[in-house]
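For the sequence shown, my numbering begins at -3 and goes up steadily by one.
Glycine included, C-beta positions come from ideal geometry on N, C-alpha and C.
Worksheet: one structure, shown below.
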Amino acid sequence: MTCLECKKDLPDALRFRVLEVHTLHIRDFNGERVIQALGEFQEYDVCTACASEEVQALLLPAKRIVMRCIPFAVLLVVGIALSMLLTFGDFMPALRVIGPMAIVVGIIGIAGKVREILSEREAVSKMTRDDAVRYCAWQLVLRNAPKKYGDNDITYIPVNDDTMRMSARELAENYGLIPAIANQVHLAFSQEVSVLCFKRKVHSE
Ligand SMILES: [Zn+2]
């Protein structure tokens, strides 16, 4: 098993089976259209060491907050500098707005990121250790698995008890699928259920 995060071959890993959905966004005179197609089933592994490290990083998120807020902090500083510079010259009013706008976007961005990281921290802190490790391993799959297939964006739908129990409508709502593709995913999952039941039956005999 090769860990998707550290690329090492480790026996102690969590395996995720996923179904890919490819989405192409087409922008033309009529607005935006979405074309979706069913991709392949894939399997990804994440070692428990990487997943545990991710749990720690989420529970003590100071470093992560700093790293993710840097772009907005830069925007904030540039906004303050621009506001001060443009105050002292004979600039068009439209130009004077740029500085304060950058400050506002910077502050909103920092507040949003901090809130996002802290709410994820709270959610993980309430999980059991095993659930937290599994949740973090899944986040590492989403972070490291390919995001594009040609020009298409890739969405990964985990194959697990929760998703296999979902109706086509629930799959569409949870993973942003168009109805035709949601039906295909639902069908593919019901075939997975039959295969799993068959394997379990063989295993128990
Ligand atoms: Zn690893």
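| query | result |
| --- | --- |
| When you compare only the Cα positions, how much space is there between residue 180 and residue 126? | 32 Å |
| What residue range does the beta strand (DSSP E) around residue 43 cover? | 27 to 43 |
| How would you call residue 93, buried or exposed, if buried means at least 16 neighbouring beta carbons within 10 angstroms? | exposed |
| What does DSSP give as the partner residue(s) for residue 13 in the beta ladder? | 39 |
| I believe residue -1 touches residue 65 by the beta-carbon criterion, under 8 Å. Please report the beta-carbon distance rounded to the nearest angstrom. | Incorrect: roughly 28 Å between the Cβ atoms, too far for contact. |
| Answer yes or no: do residue 16 and residue 36 have a C-beta to C-beta separation smaller than 8 Å? | yes |
| Hey, residue 72 and residue 31: beta-carbon distance below 8 Å or not? | no |
| Ignore the nearest five residues each way along the sequence and tell me which others in residue 101's own chain have a CB closer than 8 Å to its CB. | 68, 71 and 75 |
| Tell me the residue span of the beta strand (DSSP E) that contains residue 156. | Residue 156 -> no beta strand (DSSP E), and no H or E assigned at all. |
| Around ligand 1, what residues have a beta-carbon under 7 Å from a heavy atom of it, in chain order? | -1, 1, 2, 4, 6, 42, 43, 45 and 46 |
| For the alpha helix (DSSP H) containing residue 124, list its first residue and its last residue. | Here residue 124 belongs to no alpha helix (DSSP H), and DSSP marks it neither H nor E. |
| With distances taken Cα to Cα, identify the nearest neighbour of residue 7 among 21, 33 and 44. | 44 |
| Apart from the five residues just before and just after residue 140, which ones in its own chain have a Cβ nearer than 7 Å to its Cβ? | 0 and 1 |
| If you follow the alpha helix (DSSP H) that residue 59 is in, where does it begin and where does it stop? | 58 to 83 |
| Looking at C-alpha atoms only, which residue of 145, 189, 40 and -3 is the closest neighbour of residue 157? | 189 |
| Out of 173, 146, 185 and 142, state which residue places its alpha-carbon closest to the alpha-carbon of residue 161. | 185 |
| What is the DSSP secondary structure of residue 144, reduced to helix, strand or coil? | strand |
| If you follow the alpha helix (DSSP H) that residue 166 is in, where does it begin and where does it stop? | 164 to 171 |
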